[in-house]
Amino acid sequence: PALISCRDVTKTYVMGTQKVHALRGVNVDFHRGEMTAIMGPSGSGKSTLMNLIGALDVPTSGTLEINGRNLATLKPNDLADLRNETIGFVFQQFNLLGRSSALTNVKLPLRYSRKPLSDIDARAAECLKMVGLGDRMDHRPMQLSGGQQQRVAIARALAGSPSIILADEPTGALDTKTSEEIMALLTGLGESGITVIIVTHEPEVAEYAARQIHFRDGQIERDERAKP
Ligand code: ADP
Ligand code: ADP
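Residues 12 to 239 (the UniProt record's numbering) are what the sequence shown spells out, left to right.
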């Protein structure tokens, strides 16, 4: 069974008397360890889909299942648990706390965990080592390059041992060489069994993904897998 399953998903935003049909009947499955790039023009529904998969918003109609659980049937607390335990988020602008060390930033998603503090520290340090920043744990974001800041953000996304990483334009603020390093890191996560979904405008970035989905006007226009 698919890790993420979208069946006839629609999303309509109502603004006063206006309706925006952001997603118009999307059917798509994502499997374990699969890395997918979502592409398409601005306004085509990419971020809306990411928000739905990330359990940050609910579809207007249709069903979205993660691990066989229909998100519409979950209570707010269970939805929050699913988000914390299953999904890691990565953003274009890194979204780090500027006054806090790399280690503190990575510990953030673990702050409500019931684990002992020493375990939380160890897990955060382990995640920073996984992204190659074992020697930068006490640095604040301003003391790190853009690529290093995005690594901290990826370590933070990994802290809760998610099965899904959602990355919205993860290389949008990075130069070409740094983008390649970040994509190599995300590709490695896919190979370790994490399902990685990235939104990108850059074809060179999308090339890292084994699967490319192109959106247009709230629908999937093309869904292609690279030949092995
Ligand atoms: P993309 O990520 O492909 O640029 P989005 O999913 O952000 O596209 O947007 C799809 C459509 O939905 C656009 O027309 C956008 O203006 C609209 N939209 C997105 N979020 C909201 C919102 N919170 N309220 C109203 N309209 C929205
Ligand atoms: P890159 O060449 O990878 O883009 P930078 O030239 O920005 O990186 O930084 C090189 C190294 O210097 C990095 O390892 C970073 O940790 C460190 N560094 C960058 N800016 C600062 C700063 N303001 N204070 C302390 N260390 C910094």
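All residues carry an ideal CB built from backbone N, CA and C; glycine is no exception.
Using the DSSP secondary-structure output, state which residues sit across from Lys22 in a beta bridge. Leu34
Could you check if Val142 is buried or exposed, using at least 16 other CB atoms within 10 Å of its CB as the buried criterion? buried
Would Arg18 pass as a contact of Thr74 if the rule is Cβ separation under 7 Å? yes
Please name the residue, chosen from Ala178, Gly36, Gln160, that lies closest to Thr189 on a Cα-to-Cα basis. Gln160
Contact between the segment 173-185 and the segment 81-100: three or more CB pairs below 8 Å? yes
So does Val37 have its beta carbon nearer than 6 Å to some heavy atom of ligand 1? no
Would you decide whether Ser55 is buried or exposed? Buried here means 16 or more other CB atoms lie within 10 Å of its CB. buried
Got a sec, what are the start and stop residues for the alpha helix (DSSP H) Ala195 sits in? 187-202
Between the beta-carbon of Met61 and the beta-carbon of Leu177, is there less than 7 Å? yes
Host beta strand (DSSP E) of Ser72 (start-end): 72-77
Span of the beta strand (DSSP E), counted from its first residue to its last, around Ile224: 222-227
Thinking Val101 and Ile49 are a contact (beta carbons under 8 Å), I'd like their distance in whole angstroms, please. About 14 Å; that fails the 8 Å criterion.
Is the closest heavy atom of ligand 1 to the C-beta of Tyr24 under 6 Å? yes
By DSSP's criteria, Gln160 is part of a beta bridge. Which residues make up the other side? Partner(s): none; Gln160 has no beta bridge.
Between the C-alpha atoms of Thr23 and Thr115, what's the straight-line distance to the nearest angstrom? 38 Å
What are the partner residues of Cys17, as DSSP defines its beta bridges? Val39, Leu75
With distances taken between CB atoms, is the gap from Pro70 to Leu63 smaller than 7 Å? yes
If you measure from the CB of Val216, is any heavy atom of ligand 1 nearer than 6 Å? no
Here's the rule I'm using: 16 or more other beta-carbon atoms within 10 Å means buried, otherwise exposed. How should Tyr123 be labelled? exposed
Does the Cβ-Cβ distance between Arg222 and Thr47 come in under 7 Å? yes
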